[in-house]
Amino acid sequence: MRKIFDIIANNAVPAVFIIISAFAIPLSGYSASYLVQELLTRIGRNSFLILSLLIPIMAGMGLNFGMVLGAMAGQIGLLFICDWGIVGIPGMVLACLIGTPIAIVLGIFCGHVLNRAKGREMVTSYILGFFINGVYQMTVLYLMGWIIPITNPTLLLSRGYGVRNAVSLLGIRGILDNLIPTIITGTQGTAQFVNINGGKSFIMMQLPFLEGSIRIPLATLIVIALFCIFIVWFRKTKLGQDMRAIGQSQSVADSAGIPVNRTRIIAIVISTVLACYGQIIYLQNMGTLNTYNSHDQAGMFSIAALLIGGASVSKATIANVFAGVILFHLMFIVAPVAGKNLIGDAQIGEYFRVFVSYGIIAIALVLHAWRRNREREAARRSLRGNKGDE
Amino acid sequence: MTMFNEYWEIVRTFLDAYGVSYELAGLIVLVLIWLLLFLGRGLSFFRFLMRWYQRLIIVTGLVALGFWLFYVGREHQILLDNKNVNGLKALEQVNVSINGGESAELMPGDRDMRKAVGPEFEVKAEILDDNGEVVSTITKTVKIGCVKNMTISLPALAAGSEDFTLPLK
Amino acid sequence: MGNNPLLRLEHIGKEYYGNRVLSDISFDINAGEIIGLVGENGAGKSTLLNILFGMPVIASTGGYEGSIQIDGRKVSFTSPNQALAHGIGMVHQEFSLIPGFTAAENILLNREVLNASSMRYIFSERVSTLDREAMNGRARSAIHTLGVNISPDMIVSEMPVGYKQFIEIAREIDRKNTRLLFLDEPTAVLAESEAEILITALKKLAASGIAIVFISHRLSEVKELCGRILVLRDGRLITDQPSYTLSTRQIASLMVGRESVRREETPEVTETVSTETDAPKKKKKIRPALKVEHLWVDMPGETVRDVSFEVMKGEIFGIGGLAGHGKLAIPNGIMGLYPAGGTVKTFGKKLTLNKPRAALGKKMAFVSEDRRGVGLLLDEPLDWNITFTAMQTQGRFLVGIPYIFQMRNDLAMRKEARKFIDQLSIKCTGPSQKAGELSGGNQQKVCLAKAFVLRPDILLICEPTRGIDIGAKTLVLDTLKQYNKENGTTIIITSSELEELRSVCNRIAIVDEGKIAGILPASNPAEDFGMLMMGQVRNEEEGEFSA
Amino acid sequence: MKLKFSALVILVCVLLAGSAFAEPAKFHIGIMTGTVSQSEDDLRGAELMIQKYGDAKDGGMIVHITYPDNFPSEQETTISQIVGLADDPLMKVIVVNQAVPGTAEGFRRVREKRSDILLLAGEPHEDPGVITESAHIATHTDHIGRGYTIPLGAQRMGAKTFVHISFPRHMSYETLGLRRAIMEEACKDLGIKFVFETAPDPTSDVGMAGAQQYILENMPAWIEKYGKDAAFFCTNDGHTEPLLRQVAALGGYFVEADLPSPLMGYPGALGIDLSKEQGDWPAILKKVEDAVVKAGGGGRMGTWAYSWGYTTTAALAEYGKRYVEGTYTDKIGSARALKEMREAYDEFCPGAHWGASYFTEASTGVKNTKFILLRQDTYVLGKGYLGLADVEIPEKYFSIRMTPAGN
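Order-wise, the sequence lines are chains U, A, Z and B.
The first sequence begins at 1 in the numbering used here and counts up by one.
The second sequence begins at 1001 in the numbering used here and counts up by one.
The third sequence begins at 2001 in the numbering used here and counts up by one.
The fourth sequence begins at 3001 in the numbering used here and counts up by one.
Here it is, written out as structure tokens:
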């Protein structure tokens, strides 16, 4: 009995989400192909960013907003390639190359700060994100086009310096997603896609039971798979082992001679660099760089998705990432329309979505705290000897 | 060696584009080397050498990759110009496509713009007469390098001149 | 090596901020020798280990006196890593194991076997993957040396406590250059059979040439294992002699000190023994004031697991024991300050645990060991401090209509406060002085006053004399005695100073490893209590001591 | 309470509509607007269309959804909502008002999937070049034209000085900064003195209350300094309310707000209760006019008679409907299309007129025929229309560049 309860309790957050989704999906009235398409897009778009959170969690640095710094670095890389007019895959790779050193420097800075705020990483990095956001905005709004050479008039405000609010990333839009065009199609919709790809060849599969068609961002998924392999490999390295050790007990790791602070900084640097790549992948899918806001919610949404996937502050797996992306974004897709169809007013749909989505993030955090308390209780129970079982 | 020259060419255009002097570039390279040495401190000589050496190769490789990406990924605006130049009369009608893309229809005095990616592109011009019949087709591969914009004078191209980019020399 | 001993200490001394904790310690350790190091809490053992192990705390508090030699060469460690490099290994009292790791991972922590990686020069060796096979192999052989059978794949958090200790030791053994091993209380958490295995293993280790320093409170084990025994007391090396020349009782008395011997000799004390042991017997007919059965308390660092005892009405009952063994948890648990379970009855009525208010409602008062944190409102005046609890729980010092409109009765509060200031001779400018401005001793008296105001039937006091100068000590203790005599209040005192307990209490319970090791009349010789603290009773003299 | 009430009204409307449109519509029009808390007028426009053509759920024509309140950060939701509309096979027109960031990308995705859907964007937040790459038509308030017509209106009302109140953050926006530069130039040409005054940013630490307080306290001094024949203009909606109150009480002119509507500032400034008139613009205007005249501001204060957001939602949906039904057949971007768009706007604003022009990119001089700029005639309360809609904007103002912020 207790075991069943434990299983439910340990997966309470995903369970709540699955239940709500089960009600919301039929209410929304969306077709299966639309939902699958949207989910695939969002897996491709967001999972890299979320995966970048895993390594700091492994090193015991909790859910960490340091990744926001990486996202900013990625955006700076993108701004440069937009200015130079580098397009396609070379453009994306070059943006990564430019973003990497910036992400490393920001990561080292962030790591040093977090080493001074051990145990309060989540809040510290959140505030640090604001601080760096200020620096970023100053750089982009005042230095670019003035000290940092940006010449493209479609990027600059007409006053001559400062980058515009929205930068179109047409040059690299969907470039990775459509690198290996793959389409699953039912009986309909084939003709349209042939048209879009302008006669280029693509992989096509036909599933008779499917209505409509689904494009699969195959190359993006391959990149994400490679990243997952990287994480699995990384866990097996000495560095990964050290991070796991630090994550479980800093003092023990320290007395064993593991350079705790340095390793923590490395963890953050890896996270920011990966977040930098993640943001580039995210934005190549979005197609527009919202210069001053794109990175804003990157951290918050990634962390929320990870929590909803069943991860905790101290433990997160690759499976959590994917479960989280699917559940969190499923909610985001269906909740507004489900709310609207339920109540009949369009704006109620939006409020319903906000209420449900953020409410559940709050529940996730509360449940998480509750779970941690339970674990602590359980750990104590073992100390109480045989008389303590009541 | 040609490879090297080509790279040097890219680096030079890049440096020139941003007004970076060669001395400064050299200084940056020296600082990078120093940084590598600095990172290798505290290691035995052999390992230090290995690390230094390998890191240098990696960083150089990455920088070279960056320049190469810049080279192959750059998008150029190709302005197609059908106006009278140097005594050459504008063409009656010409359909131009770049790298087999959507073709532009130009009447005398027209100017249109197409985009091309990479250091060279293929321009295909179909010259039409008054009746809309194709008189001749010219296909040419143009090297553009890292230059951002290029204007092609179609009358000059049609005349078979090698010097068809505006402004004409 | 030649004639030089493995380790030689010469005139080691150490002061912390003018407080001398070690003086003039000199001894040698030779290869393959097993040495037992015993002493009470605060005798200076941990400071000595810190010095030998190069803990940063030593350097940051002004270093140490004297010199340390290894193989005849003088060394001075500034970090534990240097000590490790010289072959000194240490097994700490607290486990320094990573709970989620396997045995092998823990044994080889930061000394993992790595596969060669082509990227190791670009980054560092740390990007190489671990060679699990080789690691398990090495771990297995290290565990094997200890003569136990633990799978290298076992997760540490799932191990019984005893296993963890073996893993700790295996880790030190695996270190190739380890020549000298310090074991701090290695058997404290082991079952008897496990302890035996460990002792056998240690003997085997010593035979292979590794010197071992064994620190333990279990004197019988020390005697069985060690060739030589060193006794530390008050920072001095009292004795350094072969173990066969000493009995456990002798060791205990060496540790506890001279006064105990004096007490044993004085005849009047034996008299009190008879009277005082009679007293509880007579009172057994009436209900005990406090009856505790199977109490467990989850207080961090002071957990008690299963405690049962009875306190008679009007008795002064002492609870003693070494730091960290759980004596403080008992009163804190009864008062509901930490999660607790079991049954506690006051005058036959069951007390609701985990609710401080319930305990206060039963006319129990508590003086916390944490004066400044729990005991006092430092920024409030004395009269407030003294009467606050009474006002809150008993509704005294209030005027007006109960439950509807009530006000503080400042006049009554001040009067009461003045009464106690006089009675306890609290040195202050008056009832309106802030509690934070008083000295430690006077603060303690305010705490007592605060408890007395409640007119308790049962008074629980933790560490009444901690941080107080000697003059104030006697005054506080006398006040307690007097209060007990005048009001017949049952008092339970918890203290780490055995002498203090013996001077005021009727009976004393000694807590050892979360359990009551024994309850003895205060008049028993000090070394009996020492033996209890060292965990001797259970094995040898159970029948003799259980009252 | 208000929410509940409106929900009820809508419910009744929907029921009525359900019975009225017994035969299901042949195609659907998707409308996306903000919520009440973000942009109420936009939403009311959509509700008007539901009233007119019925909710698709009940066999009508309109599918109405909203974008997130926190739209700058939740682009993903905006995109998937727009693409979600295209999931309906009957969908032929999608209107997004306001076209918040993410609309361009949402439209691109719709185009990839369904090239037969007409995509219309109202008040785009993204750059003209970006939005018109994916939208078929985008309409925007004429920030360039109004840079000229507002000072012109001030002049016609009788002002001698033009006071522009703003702060650096707003001045760094391309549209607002550019309009300021044009106003300055227009004032010079019209012989009016141009003054720039800085007021605190309500999103800064002083907050909305502090910013409004600042305006209230400084107006007497400004009137003192610039005289009673000064016209005031502010870029922030929060500043508008105290400004209106003080103009009514102390004197000065107020041509129109940054986002003009009878509801902008007036109800709050003069304490007008408009809950009964909801959605009935002539009635609202009448009531506001009475209140302004009573407060002594008659002839000195102006507005647009119909809300921009409200009209835009309705007009774009109407345009889309006519386009799909074949009433409008011209190629998008032609001169006729401009006229037709103006007609669609006029349809919902009986009495008022709209001026429309194409947007010209200042840096290249290229005319963007998919980006239409619109401005309504200014209605001076207690006096009538100023006749600004048909004013020809001199060519020179189209090539003015934005000047750096704050000076």
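A virtual CB, placed ideally from N, CA and C, is assigned to each residue, including glycine.
- Within its chain, find whatever has a CB closer than 8 Å to the CB of T1137(A); leave out the 5 residues flanking it on each side and keep chain order. Working through the second sequence from its first residue, we reach residue 1137(A) at position 137. The residues are K1124, A1125, E1126, I1127.
- Task: Compare the C-beta of E3395(B) against all C-beta atoms of chain U and say whether one is closer than 8 Å.
- Result: By 1-based counting over the fourth sequence, the position of residue 3395(B) is 395. No, its Cβ sits nowhere closer than 8 Å to a Cβ of chain U.
- Message: Strictly under 8 Å for the Cβ-Cβ distance: is N197(U) near chain A by that measure?
- Response: Within the first sequence, residue 197(U) is the residue found at index 197, counting from 1. Confidence at N197(U) is low in this model, with a pLDDT of 48, below 50, so its placement is unreliable and no value can be given for it.
- On the three-pair Cβ rule with 8 Å, is the region 3260 to 3269 of chain B touching the region 3336 to 3347 of chain B? no
- Residues from the region 1059 to 1089 of chain A in contact with chain U, defined by Cβ distance under 9 Å: L1062, V1063, L1065, G1066, W1068, L1069, F1070, Y1071, V1072, G1073, R1074, E1075, H1076, Q1077
- Query: In terms of DSSP beta bridges, what is I148(U) paired with?
  - Reply: For the purposes of this step, residue 148(U) is taken as the residue at position 148 of the first sequence. Answer is M144(U), bridged to I148(U).
- Who are the Cβ neighbours of G2341(Z) in its own chain at under 6 Å, not counting the five residues just before and after it? By 1-based counting over the third sequence, the position of residue 2341(Z) is 341. Same-chain partners within the cutoff: W2296.
- Query: Along the region 3078 to 3112 of chain B, what residues have a CB closer than 8 Å to any CB found in chain U?
  - Reply: I3079, S3080, Q3081, V3083, G3084, D3087, P3101, G3102, A3104, E3105, R3108, E3112
- Task: Can you tell me which of the three DSSP states T3240(B) falls into?
- Result: Taking the first residue of the fourth sequence as position 1, residue 3240(B) is located at position 240. DSSP places T3240(B) in helix when its eight states are reduced to three.
- Task: Classify V163(U) as helix, strand or coil using the three-state DSSP reduction.
- Result: On the first sequence, position 163 is the one that residue 163(U) refers to. Of the three classes helix, strand and coil, the one that applies to V163(U) here is strand, per DSSP.
- Cα separation between L2532(Z) and M300(U)? By one-based count along the third sequence, residue 2532(Z) stands at place 532. By one-based count along the first sequence, residue 300(U) stands at place 300. In a straight line, the C-alpha of L2532(Z) is about 57 Å away from that of M300(U).
- The beta strand (DSSP E) enclosing E3185(B), as first and last residue numbers: Position 185 of the fourth sequence, counting from 1, holds the residue named residue 3185(B). No beta strand (DSSP E) holds E3185(B); the alpha helix (DSSP H) holding it covers 3174 to 3190.
- Answer yes or no: does any C-beta atom of chain U fall closer than 8 Å to that of E2112(Z)? Residue 2112(Z) sits at position 112 when you count from the first residue of the third sequence. At least one chain U Cβ lies under 8 Å of E2112(Z).
- Item | Cβ shell of S2260(Z) (< 7 Å), same chain only, five flanking positions each side left out | Locating residue 2260(Z) in the third sequence gives position 260, counting from the first residue. Unreliable positioning characterises S2260(Z) in this predicted model, as indicated by a pLDDT of 42, which lies under 50. The coordinate reading is nonetheless provided below. Counting only Cβ-Cβ distances below 7 Å, and skipping sequence neighbours, we find S2253, P2525, A2526, E2527.
- By Cβ distance, which residues of its chain are closer than 8 Å to E1122(A), with the 5 residues on each side in sequence left out? One-based indexing of the second sequence puts residue 1122(A) at position 122. The residues are I1098, N1099, G1100, T1139, K1140, T1141, V1142.
- Query: Closest by CA to I303(U), which one among L226(U), V325(U), T291(U), Q37(U)?
  - Reply: Translated into the one-based positions of the first sequence, residue 303(U) becomes position 303. Measuring from the Cα of I303(U), the nearest candidate turns out to be V325(U).
- Just the chain B side, please: which residues come within less than 9 Å of F332(U) by C-beta, in chain order? Within the first sequence, residue 332(U) is the residue found at index 332, counting from 1. Result: E3074, E3076, T3077, S3080.
- Task: Output the distance between the C-alpha atoms of A191(U) and S33(U), rounded to the nearest integer angstrom.
- Result: Locating residue 191(U) in the first sequence gives position 191, counting from the first residue. Locating residue 33(U) in the first sequence gives position 33, counting from the first residue. Any reading at A191(U) needs caution, since the residue's pLDDT is 45, under 50, leaving its predicted position unreliable; the model's value is listed next. Whole-angstrom Cα-Cα distance: 16 Å.
- Task: Have a look at V3195(B), L3381(B), W3354(B) and flag the residue whose alpha-carbon is nearest the alpha-carbon of P3372(B).
- Result: Locating residue 3372(B) in the fourth sequence gives position 372, counting from the first residue. According to the sequence shown, residue 3372(B) is Ile rather than Pro. The option with the nearest alpha carbon to I3372(B) is W3354(B).
- Round the Cβ separation of G3271(B) and Y30(U) to the nearest angstrom and send it over; I've been treating them as touching at under 8 Å. The residue you call residue 3271(B) lines up with position 271 of the fourth sequence. The residue you call residue 30(U) lines up with position 30 of the first sequence. Actually they do not touch by this definition, with Cβ atoms about 46 Å apart.
- Message: Would R164(U) pass as an interface residue toward chain B - the criterion being a Cβ-Cβ separation below 8 Å?
- Response: In the first sequence, the residue the question calls residue 164(U) occupies position 164. Yes, contact with chain B.
- Item | Close beta carbons around N2385(Z), own chain, < 7 Å, minus the five adjacent residues each side | For the purposes of this step, residue 2385(Z) is taken as residue 385 along the third sequence, with counting starting at 1. Only L2376, L2377, A2435, V2446, K2450 meet the Cβ criterion.
- Message: Please list, in chain order, the chain A residues whose beta carbon lies closer than 8 Å to that of L94(U).
- Response: If you number the first sequence from 1, residue 94(U) lands on position 94. In chain order: G1066, L1069, F1070, G1073.
- Query: For the beta strand (DSSP E) that T1150(A) lies in, which residues bound it at each end?
  - Reply: Your numbering for residue 1150(A) matches position 150 in the second sequence. This sequence places Met at residue 1150(A); Thr is not what is there. Here the beta strand (DSSP E) through M1150(A) covers 1149 to 1153.
- Query: T2343(Z): which of V2292(Z), M2312(Z), V2307(Z) sits nearest, CA to CA?
  - Reply: Here the question's residue 2343(Z) lines up with position 343 in the third sequence. Here the closest residue by C-alpha is V2292(Z).
- Item | Contact set between L179(U) and chain A, taken where Cβ atoms lie within less than 7 Å | Sequence index remark: in the first sequence, residue 179(U) carries index 179 (1-based). In chain order: nothing, as chain A lies at least about 14 Å away.
- Query: Quick one: what does DSSP say L2460(Z) is sitting in, helix, strand or coil?
  - Reply: For the purposes of this step, residue 2460(Z) is taken as the residue at position 460 of the third sequence. If DSSP states are grouped into helix, strand and coil, L2460(Z) belongs with the strands.
- DSSP state of I2169(Z), grouped into three classes? Mapped onto the third sequence, residue 2169(Z) falls at position 169. The answer is helix: DSSP assigns I2169(Z) an H, G or I state.
- Ranges of the alpha helix (DSSP H) found wholly within the region 2377 to 2452 of chain Z, counting only runs of at least 4: 2382 to 2394, 2410 to 2423
- Task: List the residues of chain U that K1140(A) touches, going by C-beta distances under 7 Å, in chain order.
- Result: Residue mapping note: residue 1140(A) aligns to position 140 of the second sequence, counting from 1. Within 7 Å Cβ-Cβ: nothing; K1140(A) doesn't reach chain U, min ~22 Å.
- Query: From what residue to what residue does the alpha helix (DSSP H) around H329(U) run?
  - Reply: Sequence index remark: in the first sequence, residue 329(U) carries index 329 (1-based). Start and end: 318 to 343.
- Interface residues of chain U facing N2177(Z) [CB-CB closer than 8 Å]: In the third sequence, the residue the question calls residue 2177(Z) occupies position 177. By Cβ distance, chain U contributes nothing, its closest Cβ being about 14 Å from N2177(Z), past 8 Å.
- Chain-ordered chain U contacts of K1148(A) [CB-CB under 8 Å]: What you label residue 1148(A) is simply residue 148 of the second sequence in a count that begins at 1. The contacting residues are G85.
- Message: As a quick exercise: from E3105(B), R3180(B), P3101(B), pick the residue whose alpha carbon is nearest that of N165(U).
- Response: The count along the first sequence starts at 1 and reaches residue 165(U) at position 165. Ranking the options by Cα distance to N165(U), first place goes to P3101(B).
- Query: CA-CA distance, A73(U) and F48(U)?
  - Reply: By 1-based counting over the first sequence, the position of residue 73(U) is 73. By 1-based counting over the first sequence, the position of residue 48(U) is 48. Looking at the two C-alpha atoms, the distance is approximately 15 Å.
- Item | Beta-carbon proximity check, Q347(U) vs T3035(B), cutoff 8 Å | Counting from 1 along the first sequence, the entry for residue 347(U) is found at position 347. Counting from 1 along the fourth sequence, the entry for residue 3035(B) is found at position 35. Against a cut-off of 8 Å, the Cβ pair of T3035(B) and Q347(U) comes out as a contact.
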